[in-house]
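Peer 1: Submitted below is the structure of interest, expressed as structure tokens.
And the structure:
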């Protein structure tokens, strides 16, 4: 009995380590003793009266009875068995005889693998969200509020873990929290159980295959990252041209959508289209001023794909996961965003050059390489981490002869290093408002002390 207890404890500890940051697999269920090799599974499609059988292998794979193909992913196994485009396999496969879904076993595993207070809190919160979703009352939170559950304020390296935690609880967000702004409100929903050639009715929400390795490759900057999807200025086709001009003027808009229903975009009214209408007719009406040649795109559309259209028309309308027109992206939005990103990058470059100049004038490259613990043949090859290691070395710091607090300088340099990495990895969230000031102030400090070494 003691040996068995040790094995169980070892499996539990191993599960805690492995599950942190990734999706649960059938192998995890095997390791935890929640399922065994040879367990028979069945996937029933009661709507069409068809069922499919499979077996769990000793390697933690699902082997289809028909054809003998094996899959690590329950979703992939279900999709191939049914010939469907995508199926949530965790909610499709049941144990024969027991009647328990793989998803139920997954939840049981998660109950025992929340290793600390933070993970227990996340698990409890997502379990509650799952219960609401199962009852058709999905919780709605802003992306900013969602991230706070993991103790972060921006979408960075932890996005993969967030998606894994959501998927492990059978949840996804609609719209995708990756593809919208931080202030956009998303719903925590269970993904469609099955997606065939017909649309599920929710755009941009997919049944995520549990083979996660390529998920991060799908990340891109979207039009939804610039548009909060909270609505767009519009006029009804039956309104007057005076009403459109008044709305444009009062709200300082350059264009208005012309909508007859949230999903029926008739075109746009712009100052240019109004001028053209008056050029053609002495007394134009709203219809005369409608520019029907406008583009509307889904919120998850790659921003770079729509740049040619933005250059041509200066704006695109954006529709949400229900295909309702809820946002707009203009050339000024794009210019502002790239300006916010590029200015700090330029300041980082200036800071980097200043630090290299200081070290070059104070030390030889061999000494710096020895302190950094790696083969460095040129000051041009130094990284922010190298700068930090030099300053952490007490002897090197004393040679700089700076009348500054070393710990405070190192802490700020480490903060700058983290900001720089986020900038260069091009995360979709806005650059922190104080980032530029931190870069500029640090560079100013360096310049004031660069001749003292």
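In this note's numbering, the protein residues as written are 884 to 1336. Cβ coordinates follow ideal geometry from the N, Cα and C atoms, glycine included. If you're wondering where the values come from, they're calculated on a predicted model, not measured in any experiment.
1. Are there 16 or more other CB atoms within 10 angstroms of the CB of residue 1210, so buried, or fewer, so exposed?
2. Ends of the alpha helix (DSSP H) at residue 1194?
3. Would you report the Cα separation of residue 960 and residue 919, rounded to the nearest angstrom?
4. Helix, strand or coil: which one does DSSP assign to residue 980?
5. From the DSSP output, which residues share a beta bridge with residue 1174?
6. Classify residue 1028 as helix, strand or coil using the three-state DSSP reduction.
7. Tell me, please, which residues DSSP counts as bridged to residue 939.
8. Buried or exposed: residue 1227, going by 16 or more other Cβ atoms within 10 Å of its Cβ?
9. Out of curiosity, what's the CA-to-CA distance linking residue 1079 and residue 939?
10. At the level of alpha carbons, what is the spacing between residue 1025 and residue 1007?
11. CB-CB under 7 angstroms to residue 1270, same chain, minus the five flanking residues each way: which ones, in chain order?
12. Cα separation between residue 1179 and residue 942?
13. How close, in whole Å, do the beta carbons of residue 947 and residue 1016 come, if the pair is a contact with beta carbons under 8 angstroms?
14. Here's the rule I'm using: 16 or more other beta-carbon atoms within 10 Å means buried, otherwise exposed. How should residue 881 be labelled?
15. Should residue 1157 go down as buried or exposed, given a rule of 16 or more other Cβ atoms within 10 Å for buried?
16. What does the alpha-carbon distance come out to for the pair residue 1299 and residue 1030?
17. Quick one: Cα of residue 1055 to Cα of residue 1273, how far?
18. Look up residue 1256 in the DSSP assignment and say whether it is helix, strand or coil.
19. Between the stretch 1176–1196 and the stretch 1114–1131, do three or more beta carbon pairs fall short of 8 angstroms?
20. With a Cβ-Cβ cutoff of 7 angstroms, do residue 1104 and residue 1186 count as a contact?
21. DSSP three-state call for residue 1142: helix, strand or coil?
22. From the DSSP output, which residues share a beta bridge with residue 1202?
23. Could you pull the start and end residues of the alpha helix (DSSP H) that residue 1065 belongs to?
24. If we count the other Cβ atoms within 10 Å of its Cβ and call it buried at 16 or more, is residue 909 buried or exposed?
25. So, under 8 angstroms CB-CB, residue 968 and residue 962 are touching, yes? Tell me the CB distance rounded to an integer number of Å.
26. Between the stretch 1238–1255 and the stretch 1148–1163, can you find at least three pairs of beta-carbon atoms closer than 8 angstroms?
27. In whole angstroms, what is the alpha-carbon distance linking residue 1290 and residue 1326?
28. In the DSSP assignment, find the unbroken alpha helix (DSSP H) run with residue 1330 in it and report its ends.
29. Would you decide whether residue 957 is buried or exposed? Buried here means 16 or more other CB atoms lie within 10 Å of its CB.
30. What does residue 928 pair with, by DSSP beta-bridge criteria?
31. Can you name, in chain order, every residue of its own chain whose Cβ lies under 6 angstroms from the Cβ of residue 921, other than the five neighbours on each side?
32. According to DSSP, which residues form a beta bridge with residue 1118?
33. Could you please give me the residues that DSSP links to residue 923 through a beta bridge?
34. Please state whether DSSP places residue 1022 in a helix, a strand or coil.
35. Tell me, please, whether the stretch 1105–1113 touches the stretch 1046–1066 by the rule of three or more beta-carbon pairs shorter than 8 angstroms.
36. In angstroms, rounded to a whole number, what distance separates the CA positions of residue 1332 and residue 1244?
Peer 2: Based on what the coordinates show:
1. buried
2. 1186–1196
3. 18 angstroms
4. In the structure shown, residue 980 falls within a coil segment according to DSSP collapsed to helix, strand and coil.
5. Answer is 1151.
6. helix
7. 945
8. buried
9. Annotation note: pLDDT 46 at residue 1079 (below 50); position unreliable, coordinate value reported separately. Taking the straight line from one Cα to the other gives about 25 angstroms.
10. 19 angstroms
11. 1238 and 1296
12. 48 angstroms
13. At roughly 29 angstroms, the Cβ-Cβ gap does not stay under 8 angstroms, so residue 947 and residue 1016 are not in contact.
14. The chain is shown from 884 up to 1336; residue 881 falls before or after that span and cannot be answered.
15. buried
16. 22 angstroms
17. Distance between the alpha carbons of residue 1055 and residue 1273: 45 angstroms.
18. coil
19. no
20. yes
21. strand
22. 1181 and 1208
23. Element bounds for residue 1065: n/a, residue is neither H nor E.
24. buried
25. 7 angstroms
26. no
27. Straight across, the Cα-Cα distance linking residue 1290 with residue 1326 is about 17 angstroms.
28. 1318–1332
29. buried
30. The partner list for residue 928 (beta bridge, DSSP) reads 933.
31. So no residue of the chain qualifies.
32. Residue 1118 is bridged by DSSP to 1141.
33. When DSSP reads this structure, residue 923 sits in a beta bridge with 938.
34. Three-state DSSP puts residue 1022 in a strand.
35. yes
36. 12 angstroms
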